[in-house]
Amino acid sequence: MRSASGGPRVLLRRLRETMAEQVSAQERLDKIVVLIAANMVAEVCSVYVLRIDNTLELYATEGLNREAVHHTVLSAHEGLVGLVASEATPLNLNDAQSHPAFSFRPETGEEIYHSFLGVPILRAGNTLGVLVVQNRAKRTYVEEELEALQTTAMVLAELIASGELSALAQPGLEPAARHSMQKVGAILSEGIALGHVVLHEPRVVIKDYIAEDLPKEIKRLDTALAKLRADLDRMLERGDVAEGGEHREVLEAYRMFANDQGWSHKLHEAVATGLTAEAAVERVQSDTRARMLRSTDPYLRDRLHDLEDLGYRLMRQLVGQDHAPSREQLPDNAIVIARAMGPAALLDYDRKRLRGIVLEEGTANSHVSIVARALGIPAVGEVPNAPGIADPGDAIIVDGTSGSIYVRPSQEIEAAFAERVRFRARRQAQYLALRDRPCVTKDGQKVELMINAGLAIDLPHIEDTGSAGIGLFRTELQFMVGQSLPRTSDQLALYRTVLDAAGTKPVTFRTLDIGGDKALPYMEAVIEENPALGWRAIRLGLDRPGLLRGQIRALLRAGGGRALRIMFPMISEVAEFDAAKALVERELTYLRQHGHTLPERIDIGTMVEVPALLYQLDELLKKVDFISVGSNDLFQFLFAVDRGNAKVSERFDTMSAPILRALRDIARKSHAAQKSLSLCGEMASKPIGALALIAMGYRSLSLSATALGPVKAMVIDLDAKKAEAMLGPLLDAPSGSVSIRQKLTEFAEAEGLAL
Ligand code: PEP
Ligand code: MG
1 MRSASGGPRV
11 LLRRLRETMA
21 EQVSAQERLD
31 KIVVLIAANM
41 VAEVCSVYVL
51 RIDNTLELYA
61 TEGLNREAVH
71 HTVLSAHEGL
81 VGLVASEATP
91 LNLNDAQSHP
101 AFSFRPETGE
111 EIYHSFLGVP
121 ILRAGNTLGV
131 LVVQNRAKRT
141 YVEEELEALQ
151 TTAMVLAELI
161 ASGELSALAQ
171 PGLEPAARHS
181 MQKVGAILSE
191 GIALGHVVLH
201 EPRVVIKDYI
211 AEDLPKEIKR
221 LDTALAKLRA
231 DLDRMLERGD
241 VAEGGEHREV
251 LEAYRMFAND
261 QGWSHKLHEA
271 VATGLTAEAA
281 VERVQSDTRA
291 RMLRSTDPYL
301 RDRLHDLEDL
311 GYRLMRQLVG
321 QDHAPSREQL
331 PDNAIVIARA
341 MGPAALLDYD
351 RKRLRGIVLE
361 EGTANSHVSI
371 VARALGIPAV
381 GEVPNAPGIA
391 DPGDAIIVDG
401 TSGSIYVRPS
411 QEIEAAFAER
421 VRFRARRQAQ
431 YLALRDRPCV
441 TKDGQKVELM
451 INAGLAIDLP
461 HIEDTGSAGI
471 GLFRTELQFM
481 VGQSLPRTSD
491 QLALYRTVLD
501 AAGTKPVTFR
511 TLDIGGDKAL
521 PYMEAVIEEN
531 PALGWRAIRL
541 GLDRPGLLRG
551 QIRALLRAGG
561 GRALRIMFPM
571 ISEVAEFDAA
581 KALVERELTY
591 LRQHGHTLPE
601 RIDIGTMVEV
611 PALLYQLDEL
621 LKKVDFISVG
631 SNDLFQFLFA
641 VDRGNAKVSE
651 RFDTMSAPIL
661 RALRDIARKS
671 HAAQKSLSLC
681 GEMASKPIGA
691 LALIAMGYRS
701 LSLSATALGP
711 VKAMVIDLDA
721 KKAEAMLGPL
731 LDAPSGSVSI
741 RQKLTEFAEA
751 EGLAL
């Protein structure tokens, strides 16, 4: 059935006129529903707006009882309208009342209408409301009518997002779009930041939605598509890594989509309804994004992400906007929001202006998080649809202490957070005052606090925290942030810089811990079912010794004439340590033969992070110069919880008997063997973790630079003997509950320790 009044293009033109009229918000909405109903030969047209309390309020109707406007409110999952909103997909029914989700609202008088066509009002993947047409007759709306209604919904989305409708709302029940909201995600990097939104992948600003000249728009679309395909071909021909740093596989996927007839067809269809080429791309993007948010299949989500990226490229092509915000465009107090971000991209932002980060993906152990922590930038991850929740320039607060973000916060929230920022700054100043104080417990036990590092940007922290050195230098970070494999000379240069910065303080270099989940962007990924248990770290190093030998050589050369400490990751049996140590001997011989200055002293040790090593400690300790416990991995393997999977990573407590008993055994054995012992996992970065460790005999800890102050403040007030006397019996006694966090907290309170 064709529309009576000239089809969607005429409708769009009339809508544009209505949008420009100087009338009240309600009048504008009322006119819009009349126009749509008339154009689509529908007896009913209604607009429901999603409110901040997650309900849908009827804002305008043609055909239903007028009295129901602003009175009928549905929960976001109620009825057919709720179904359209929650699923973010259209619903086309010729007999609505026989649908199981149908819910009858007598005040609307809708019982006489049988057919129903509802579409979500979407903007950047967010549902802002629902647009519905209904007819008495049992008719099925045809594809063009659905298209037309979706196109119209885009215009309504802009109207709702403009904030104009807030005037019609009861206080506290305003439209959800552009209202303040809180979202809870995961903590990636501690700290609090107040600032303004910058989108890492800027949404293209569309000025004209409605086409003036249809053939011209089709031509624009075709030209842009052709250019997109040609660009992709050129990038793929040119070589491995393209302009944006994308990986070849991603580009291949882009090319496949760019040549996909289905995608092209959808875009053309959207233009045919009367949209400009760029608005047509946005229409199709919005559907893609909504599908992506609903999908739980990781493979499909990845493909939809690719398709979305491609859509952005096409849109930029059409409106001629640059890829990322340039440094000059970055506002002061920028909070960058991205779907995902690599560490290199983060380092590209101007450190002076970047205050915080919000990601849709990314966990605390991802590399972007490690870099954010190194830079001291608060970051929150796992925020659903992060790039769609705010517009550039919106006020936003990142609370990296609780994992929340506040978009367009109220004045009260903003004031409360500003006060917390001032409070934290005062505390930071107090920690700074502790910098030069010896790190000794109340009962005279010396505790060595070192920092974890991995990039040149970490080096100033050695001095400004007053640390005893670097207890863990993660050499893989240099490999991960770059666009290509660092040459041996680049590695040598970094290691020299590190040793120079540390001066007489010790640095423990850990050899490459790559592979598995720590994939290098420029190396072909090995697909493994369980990457954390896979071909990684020393396993890869021993199987492909070229890389490891090159690194060892760079380390030995950097350490020429000074003391050097080398540590191997993921050692699972003593023989692996022997083999790795043999590589060091071999490189030493080589350098000696070639007349290089050798280190004055070399200490070789290993991480203890694979549970099997716990049962080889006697043999291992005879061979190593030192050990350092990697509590992150040890915890992951002992409890069998994936540290990168937010669903399970917090399921068990690190402050629990099985973990602490294992750590105590390690301490006892290494003391008996008189081998130096440290712990460099996240546990040491928490005052409560440090308290337990000191109580079990640990006297050297390596932690993140930002944690050094709080941990030192705790150590200075601690009576280590008392702590040992408290914890020992708890670990010896069989207990119903495995967690001893509560007992540790009570002890800290009684002792006046700040945790
Ligand atoms: C650990 O596993 O505890 C550790 C310090 O190493 P990483 O976090 O780099 O795996
Ligand atoms: Mg580890």
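For the sequence shown, UniProt numbering assigns the number 1 to the initial residue and increments by one for each residue that follows. Positions of the beta carbon are idealized from the N, C-alpha and C atoms, including for glycine. Nothing here was measured: the structure is a model prediction, and the numbers come from that model.
Mind checking who residue i pairs with in its DSSP beta bridge?
{"i": "Pro175", "result": "Arg51"}
{"i": "Gln134", "result": "Val44 and Phe116"}
{"i": "His196", "result": "Ala334 and Ala395"}
{"i": "Ile210", "result": "Leu275"}
{"i": "Arg123", "result": "Asn126"}
{"i": "Val440", "result": "Lys446"}
{"i": "Ile470", "result": "Ile451 and Val507"}
{"i": "Phe626", "result": "Gly605 and Ser676"}
{"i": "Ser700", "result": "Glu448"}
{"i": "Glu57", "result": "Val49 and Val73"}
{"i": "Ser656", "result": "Ser739"}
{"i": "Glu217", "result": "DSSP output for Glu217 lists no bridge partner at all."}
{"i": "Ile571", "result": "According to DSSP, which records beta bridges pairwise, Ile571 is partnered with nothing at all."}
{"i": "Ser286", "result": "None; Ser286 has no bridge partner."}
{"i": "Ile187", "result": "Val380"}
Name the two residues that bound the continuous alpha helix (DSSP H) containing residue i.
{"i": "Met714", "result": "Ala705 to Asp717"}
{"i": "Glu682", "result": "No alpha helix (DSSP H) holds Glu682; DSSP gives it neither H nor E."}
{"i": "Ala38", "result": "Ala25 to Asn39"}
{"i": "Ala690", "result": "Pro687 to Ala695"}
{"i": "Phe479", "result": "Glu476 to Val481"}
{"i": "Leu617", "result": "Leu617 to Lys623"}
{"i": "Leu744", "result": "Arg741 to Glu751"}
{"i": "Leu149", "result": "Glu143 to Ala161"}
{"i": "Leu731", "result": "Ala720 to Asp732"}
{"i": "Asp458", "result": "Neither: Asp458 is in no alpha helix (DSSP H) and is coded neither H nor E."}
{"i": "Glu21", "result": "Element bounds for Glu21: n/a, residue is neither H nor E."}
{"i": "Ala374", "result": "His367 to Leu375"}
{"i": "Gly63", "result": "No alpha helix (DSSP H) holds Gly63; DSSP gives it neither H nor E."}
{"i": "Ser166", "result": "Premise fails: Ser166 is in no alpha helix (DSSP H) and is neither H nor E."}
Would residue i and residue j qualify as a contact pair, given that the criterion is a beta-carbon distance under 8 Å?
{"i": "Gly196", "j": "Ala334", "result": "The sequence as given places His at residue 196; Gly does not occur at that position. For His196 and Ala334, yes; Cβs fall inside 8 Å."}
{"i": "Ala157", "j": "Ile112", "result": "no"}
{"i": "Ala176", "j": "Ala161", "result": "no"}
{"i": "Arg510", "j": "Pro569", "result": "yes"}
{"i": "Val133", "j": "Leu149", "result": "yes"}
{"i": "Leu80", "j": "Phe116", "result": "yes"}
{"i": "Ile659", "j": "Leu691", "result": "no"}
{"i": "Asp717", "j": "Gly752", "result": "yes"}
{"i": "Ile451", "j": "Ser467", "result": "yes"}
{"i": "Gly515", "j": "Leu540", "result": "yes"}
{"i": "Arg28", "j": "Leu173", "result": "no"}
{"i": "Arg474", "j": "Asp443", "result": "no"}
{"i": "Thr497", "j": "Met567", "result": "no"}
{"i": "Gly185", "j": "Ile405", "result": "yes"}
{"i": "Val198", "j": "Pro331", "result": "yes"}
{"i": "Ala579", "j": "Leu542", "result": "yes"}
{"i": "Val358", "j": "Leu194", "result": "no"}
Along the chain, where does the beta strand (DSSP E) containing residue i start, and where does it finish?
{"i": "Ser631", "result": "Note, Ser631: premise wrong, no beta strand (DSSP E); alpha helix (DSSP H) at Ser631 to Phe639."}
{"i": "Leu74", "result": "Val73 to Ser75"}
{"i": "Gln182", "result": "Met181 to Val184"}
{"i": "Asp603", "result": "Arg601 to Val608"}
{"i": "Leu679", "result": "Ser676 to Leu679"}
{"i": "Val380", "result": "Ala379 to Gly381"}
{"i": "Leu588", "result": "Where Leu588 is concerned, there is no enclosing beta strand (DSSP E), although the alpha helix (DSSP H) it sits in stretches over Val574 to Gln593."}
{"i": "residue 765", "result": "An answer regarding residue 765 cannot be provided, because it is not within the stretch 1 to 755 covered by the chain."}
What beta strand (DSSP E) runs, 3 residues minimum, are completely inside the segment 312 to 363?
Runs found: 334 to 338 and 354 to 359.
Where are the beta strand (DSSP E) runs, 3 residues long or more, that stay fully inside the segment 401 to 436, in chain order?
Entirely contained in the segment 401 to 436, the beta strand (DSSP E) runs reaching 3 residues are, in chain order, 404 to 407.
Restricting to runs no shorter than 3 residues, where is the beta strand (DSSP E) found entirely within the segment 496 to 567?
Look at the segment 496 to 567 and you find these whole runs of beta strand (DSSP E), each 3 residues long or longer: 507 to 510.
Using the beta-carbon of each residue, find all residues closer than 7 Å to any heavy atom of ligand 2 and list them in chain order.
Here the list is Asp513, Pro569, Met570, Met607, Glu609, Gly630, Asn632 and Asp633.
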